[in-house]
Structure formats: structure tokens, C-alpha cells
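S.K.:
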Amino acid sequence: MAVLSKPAYCHRPLVGVALALSLGIWIHEYWVIPFLIPVLLTLILVFLSYVTKQRQWPAVIFLLGAFVCIGMVYTKAYQRMPQNHIDHVARYYRKNPVSIEGIVLSDAEKREFLNRKKTTFVMGVHRLKTPWGWKEKTGRVLVNIFRHADVAYGDTMVLEGKLHRPFEFSPDDKLSYIDYLERSGIQLILSVKKTGHVEVLRSSQGHTIKAASLKIKHKFDAILARSLTKNEAGLMQALLLGDRYNIPASIEELFQYSGVVHILAISGFNISIVAGLIFIFLKLLPIPRKGQYLLTIGLVILYAFMTGGRPSVVRAAIMATVFLAGFVVERETETLNNLALAAGIILLMNPSNLFDVGFQLSFLSVFAIISLYPRLMEICDHWVPENKSRLLRYIFQSLAVSLAASWGVSGLIAYYFHIVTPIALWTNLIVIPLVSVITALGLGLLLMGVVLPAAAFMFAACIKVLLNLMVGVVFLSVQIPGAYILFSDMPLWPVGIYYGLFFMMVFIRRPPRRNMEKLEVNL
Numbered sequence: 001m002a003v004l005s006k007p008a009y010c011h012r013p014l015v016g017v018a019l020a021l022s023l024g025i026w027i028h029e030y031w032v033i034p035f036l037i038p039v040l041l042t043l044i045l046v047f048l049s050y051v052t053k054q055r056q057w058p059a060v061i062f063l064l065g066a067f068v069c070i071g072m073v074y075t076k077a078y079q080r081m082p083q084n085h086i087d088h089v090a091r092y093y094r095k096n097p098v099s100i101e102g103i104v105l106s107d108a109e110k111r112e113f114l115n116r117k118k119t120t121f122v123m124g125v126h127r128l129k130t131p132w133g134w135k136e137k138t139g140r141v142l143v144n145i146f147r148h149a150d151v152a153y154g155d156t157m158v159l160e161g162k163l164h165r166p167f168e169f170s171p172d173d174k175l176s177y178i179d180y181l182e183r184s185g186i187q188l189i190l191s192v193k194k195t196g197h198v199e200v201l202r203s204s205q206g207h208t209i210k211a212a213s214l215k216i217k218h219k220f221d222a223i224l225a226r227s228l229t230k231n232e233a234g235l236m237q238a239l240l241l242g243d244r245y246n247i248p249a250s251i252e253e254l255f256q257y258s259g260v261v262h263i264l265a266i267s268g269f270n271i272s273i274v275a276g277l278i279f280i281f282l283k284l285l286p287i288p289r290k291g292q293y294l295l296t297i298g299l300v301i302l303y304a305f306m307t308g309g310r311p312s313v314v315r316a317a318i319m320a321t322v323f324l325a326g327f328v329v330e331r332e333t334e335t336l337n338n339l340a341l342a343a344g345i346i347l348l349m350n351p352s353n354l355f356d357v358g359f360q361l362s363f364l365s366v367f368a369i370i371s372l373y374p375r376l377m378e379i380c381d382h383w384v385p386e387n388k389s390r391l392l393r394y395i396f397q398s399l400a401v402s403l404a405a406s407w408g409v410s411g412l413i414a415y416y417f418h419i420v421t422p423i424a425l426w427t428n429l430i431v432i433p434l435v436s437v438i439t440a441l442g443l444g445l446l447l448m449g450v451v452l453p454a455a456a457f458m459f460a461a462c463i464k465v466l467l468n469l470m471v472g473v474v475f476l477s478v479q480i481p482g483a484y485i486l487f488s489d490m491p492l493w494p495v496g497i498y499y500g501l502f503f504m505m506v507f508i509r510r511p512p513r514r515n516m517e518k519l520e521v522n523l
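Those letters in the sequence shown? Residues 1 to 523, by my numbering.
1. Touch check for the stretch 192 to 202 and the stretch 163 to 170: three-plus C-beta pairs under 8 Å?
2. Starting from the C-beta of residue 602, find all residues in its chain whose C-beta is less than 8 Å away, skip the five residues before and the five after it, and write them out in chain order.
3. Tell me whether the beta-carbon of residue 484 lies closer than 8 Å to the beta-carbon of residue 431.
4. By how many angstroms is the C-alpha of residue 125 removed from the C-alpha of residue 83?
5. Taking the runs of the alpha helix (DSSP H) that are 4 residues or longer, which of them lie wholly in the stretch 180 to 267?
6. Determine, using beta-carbon pairs with one atom in the stretch 451 to 466 and one in the stretch 280 to 299, whether at least three such pairs fall under 8 Å.
7. What three-state label does DSSP hand residue 490 in the structure shown?
8. Alpha carbon to alpha carbon, how far is residue 455 from residue 18? Give it in angstroms, no decimals.
9. Using the C-alpha atoms, what's the distance from residue 144 back to residue 119?
10. For the beta strand (DSSP E) that residue 477 lies in, which residues bound it at each end?
11. What does DSSP give as the partner residues of residue 390 in its beta bridges?
12. What residue range does the alpha helix (DSSP H) around residue 170 cover?
13. May I ask you to verify whether the stretch 397 to 404 touches the stretch 428 to 447, counting CB pairs closer than 8 Å and requiring at least 3?
14. From which residue to which residue does the alpha helix (DSSP H) around residue 296 run?
15. With a cut-off of 8 Å, does the C-beta of residue 205 fall near any C-beta of chain B?
16. Between residue 506 and residue 370, what straight-line distance do the alpha-carbon atoms span, to the nearest angstrom?
17. I think residue 213 touches residue 121, with their Cβ atoms under 8 Å apart; what is that distance to the nearest whole Å?
18. I need the boundaries of the beta strand (DSSP E) containing residue 138, first residue and last residue.
19. Going straight from the alpha carbon of residue 523 to that of residue 501, what length do you get?
20. Hey, quick one: how far does the alpha helix (DSSP H) through residue 524 stretch, first residue to last?
21. Would you check if there are 3 or more beta carbon pairs closer than 8 Å linking the stretch 439 to 450 to the stretch 233 to 245?
22. Locate the alpha helix (DSSP H) running through residue 85, then write down its first and last residues.
23. Please report the distance separating the alpha-carbon of residue 243 from that of residue 266.
24. Less than 8 Å between the C-beta atoms of residue 104 and residue 154, yes or no?
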């Protein structure tokens, strides 16, 4: 008979808080509720929690209910547009070109397709030119300049172009481009013609740390471009710096069909390798142990800035920071609590991150690994005891991580991307160890490119061999019959059933082993 596990709130209080906040954000997204109602409910539920604090369950339920209401209130307040937001007046300026003054908030991406050049970045609006002069405005716009423009993060500039709503590129409303931009606080696009007016007024007006991290990133981009071919550099930029736009579409499609496209996005896997290599390097220096941990935390945060601060990167950086901080203060941390803390911080940064596919996949995969890996290793311990073959145990461990992560994200991948990849389990077994070595060599290449450029070719030569081997493995894996299954659409109800069974498997545990042995004897 299955036994329900111990309530999580006893030693994982942040898990309940993060789930309650998420529920509040979800309710706000799909239900229209007057702002005053959740505010009053929050006060009432906090009062009831205080009154019933001697009775554990009622107090916890009331408190979690209060956090649900807080999630609703916070989301409403976060999404509220000020009176001078540019979106309020944009409809009056769509027919004619408009001049906008603002600051560059992101790294400028320069792309080229079929001899058409484009520079793209996010701008924070400061002023808008009206028939009555310049007026102060707020908000964000996505800027497309249809030429390669000399633009950098932190530049204050004036642009002239056409202001319009974004177009919907995908017929699938599950992956809406408009929704994606709105989650980033962008409702409008400013398109600047090849001959349009672009004027930089002042430079270096952004955050110092972010500006420094982007300069380092550009230096690394140049090293990769100098040392590798265009396609190889594109793959390494994805693995090390989080930029996927230089990967050929055909190669990205192979990774998607083989179920290993996740390695092309910076995540906890990449952060763990980077943090580990940084710590190993710092151990070689005469630095106190706590200083090594603090420096590792600082460099991981800098790396997160450098790779664009995506939800998966922020989640991994927060978890790494909390884990390493535990060593600094000499206290053990709880993994699920760390995961919930990371989720809470990301949702406070932007509640709309809850509906970001990357956020959902990132947290579900890590949750699945945390929850299922120990159980899968129990099976491994039964078949391959610890004193037996280390190689066989390593294979089992890799298989357990891959299997747990696959179970966690398969439902969402089928729902959003209309694909199931049975081959992914086995492809990951080969590709992930390769990526670990490639990442380490890539960091070595970047370091040598800075301190000793003449020696960088040795790392580049090894990377070329391993990248081609990895792509070859991915290519061969998708040739196997049944490697992947494509379908036109996936309704929500099968995904609900899938995750219902998944969470039953997670939260209902086996009886003690001695009881299992008695059951086997009786049978």
C-alpha cells in the first residue's frame, strides 16, 4: 500500500510559498478580479493565520492562501502602466515616422540574412517627439534598424522610424511571439529604415556590472570567431554565451529531433560546469576557502549577466549562489527549498516569467531530477553495488539523470513543440559527457585567447574534433526509425493526465523495504 510522504512545509516552507505565489499569478492571468478583493483577502487570511497559529494545519492553509492573494496583488501592481507610458499614445503615431529618445537596455544583436542586415535591441523610452515638442514617456520598445548600426548597451540615443505592434509569426497560440514580447514589457516595435536617423547622444549610461560583462562577452565572441569556423563558433556561442542565433537552422533542427536541444541553451548544467571549473582554478591560488566560495559566487553572477539573464540562467545562478553560500556560513541547504527560492525571485523580478516556456521546462527538469534521481539510484544500487564497476555506475548515474529530466519535461515538450523523442534518453548519454568536455575546453580557449593567444589553437583543435563528433552522433541518432515522432497538435487533457501520474510517482513513496520483502514472501 502506498504511503503519502511527510508534508513539505515542515522543512521546505519556501516550496509552498513559491507554489502559492504561482497560483496567484495564474489566477490573475485568467480571471478578472477587482484589485481590492485580493487586498482585503490578504489582510483577512493573515489575521486568521495569526489567530490559529497554535493549530498547525489551519494556520498554514490560511498563510498559503494569503500568499496566493499576494501573488495576484503583486502581478496587478507590476503590470500597471504609468500615465505617461508610450503604449497609451502609440496609436496616434503609426501612420508617420516618429522620433524617440531612449537608452539601450540590451546587447545589440547584428544579424544578416540574404544580404539584408539588421541591428536589434531593446530600448527604454525617455522622450517622444510630438507636434507640441518633446514629451517625457516611459516603457520599452523593440528596435529593428535595417542596417548594421554602431550601437552598444547603455547608449542614450535618438531614433526615427515607424512605430507598430508586433506581428504574430506562429499560428500556434501556445508559442505566441506577441505574448513573448509582452512578458518582457514590450508592446511596440520601432522599425528604422536603412537610411533612417540614428544618433547616439551619450554613451556608457547603463549599469556598470552589466556593461562590463557585455564587453567581456564581445571579447569572447571575437576569440571564438577568430579560432573556429562560422558554424563551430555558432555552436560554442550557444554553449558558452547563450547566443543561439548563429547556429544554422538545419543543425538546430537535428538537435531538436534528437532530444538534446536543451544543451544549446545556458542552464544549470552549464552553470555547474562553469562554477566547478572556476572553483578548481581558485583552489590553485593562495586564497582562503571562504574567499574561494565568495569569488566563485561573484563570477557566476557575472557569467549570468554576460549570458543575458534568461530565467534558466538566473535559476541556476541563484541555486549555485545559495548552495555556495551554505559553505560560506557553514550551513547545509535544502535543494527543493533552493529551487523554490530561485523560482520566487524570478517571479518577483517578472511575474509573467511563469508563462515562459523556458522557465517551465527549466524548473520541471530540475524538480524531476531532485525527486526521481535518488529512487532511480536505489535501483542502480540493487543491480550495481558501490564496490563494483565505477564505469558501470557512472553509466547508470548518467542514465538516471537523463531519464528523470526526460520524464519531467516530456509532457511540456509534446504540448508546446508537438514532438516526442524516444531516442533522447540514449543520445543524452553520449552527448552530455561530450558537452562537459567541450565546455571545459571552450573556457580554456577563452582564457588562452585573453592571456596567451598563441596557445589558443591547441584548445581550438580539440574543440573542432569534439564538436564534429557531437554533431555526427546527433545526426546518426535521428536516422534511427522511431527516433522522434511529430504530430500536428497536443490538447491539454493528455498533458494533465501525464503530469497527474508524474506527481503521483513523485509524492507517493514505496513502503519500507522490510515490508516489501514480507509482501514478496506472502505472494
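In this text, a Cβ means the ideal position worked out from N, Cα and C, and glycines have one as well.
M.R.: For this structure:
1. no
2. The question about residue 602 has no answer here: the residues shown for the chain are numbered 1 through 523.
3. For this step, residue 484 is matched to residue 484 along the sequence shown. For this step, residue 431 is matched to residue 431 along the sequence shown. No. Outside cutoff.
4. Mapped onto the sequence shown, residue 83 falls at position 83. Mapped onto the sequence shown, residue 125 falls at position 125. Their Cα atoms are separated by approximately 14 Å.
5. Fully enclosed alpha helix (DSSP H) runs of 4 or longer: 208 to 227, 230 to 241, 249 to 257.
6. no
7. Counting from 1 along the sequence shown, the entry for residue 490 is found at position 490. Residue 490 falls in the coil class under three-state DSSP.
8. Counted from its first residue, the sequence shown places residue 18 at position 18. Counted from its first residue, the sequence shown places residue 455 at position 455. One C-alpha to the other measures close to 48 Å.
9. Against the sequence shown, residue 119 aligns to sequence position 119. Against the sequence shown, residue 144 aligns to sequence position 144. Between residue 119 and residue 144, the C-alpha separation is close to 6 Å.
10. What you label residue 477 is simply residue 477 of the sequence shown in a count that begins at 1. No beta strand (DSSP E) holds residue 477; the alpha helix (DSSP H) holding it covers 456 to 478.
11. Within the sequence shown, numbered from 1, the residue matching residue 390 stands at position 390. Answer by DSSP bridge pairing: none, since residue 390 is not bridged.
12. Locating residue 170 in the sequence shown gives position 170, counting from the first residue. Going by DSSP, residue 170 is part of no alpha helix (DSSP H) at all; its letter is neither H nor E.
13. Result yes; three or more Cβ-Cβ pairs closer than 8 Å.
14. In the sequence shown, the residue the question calls residue 296 occupies position 296. Note, residue 296: alpha helix (DSSP H), 289 to 306.
15. The chain inventory of the structure shown lacks chain B, comprising one protein chain alone.
16. As a first step, residue 506 is located in the sequence shown; it is residue number 506 there, counting from the start. As a first step, residue 370 is located in the sequence shown; it is residue number 370 there, counting from the start. C-alpha separation (whole angstroms): 10 Å.
17. Taking the first residue of the sequence shown as position 1, residue 213 is located at position 213. Taking the first residue of the sequence shown as position 1, residue 121 is located at position 121. Incorrect: roughly 16 Å between the Cβ atoms, too far for contact.
18. Along the sequence shown, one-based indexing puts residue 138 at 138. Premise fails: residue 138 is in no beta strand (DSSP E) and is neither H nor E.
19. The residue labelled residue 523 in the question sits at position 523 within the sequence shown. The residue labelled residue 501 in the question sits at position 501 within the sequence shown. Note that residue 523 scores 39 on pLDDT, short of 50, meaning its location in the model is unreliable and no value can be drawn from it.
20. Any question about residue 524 goes unanswered here, given that the chain covers just 1 to 523.
21. yes
22. Along the sequence shown, one-based indexing puts residue 85 at 85. Looking at the DSSP string, residue 85 is not in any alpha helix (DSSP H), and its letter there is neither H nor E.
23. Working through the sequence shown from its first residue, we reach residue 243 at position 243. Working through the sequence shown from its first residue, we reach residue 266 at position 266. When rounded, the distance between both Cα atoms is 9 Å.
24. Here the question's residue 104 lines up with position 104 in the sequence shown. Here the question's residue 154 lines up with position 154 in the sequence shown. Cβ distance < 8 Å, so residue 104 and residue 154 count as in contact.
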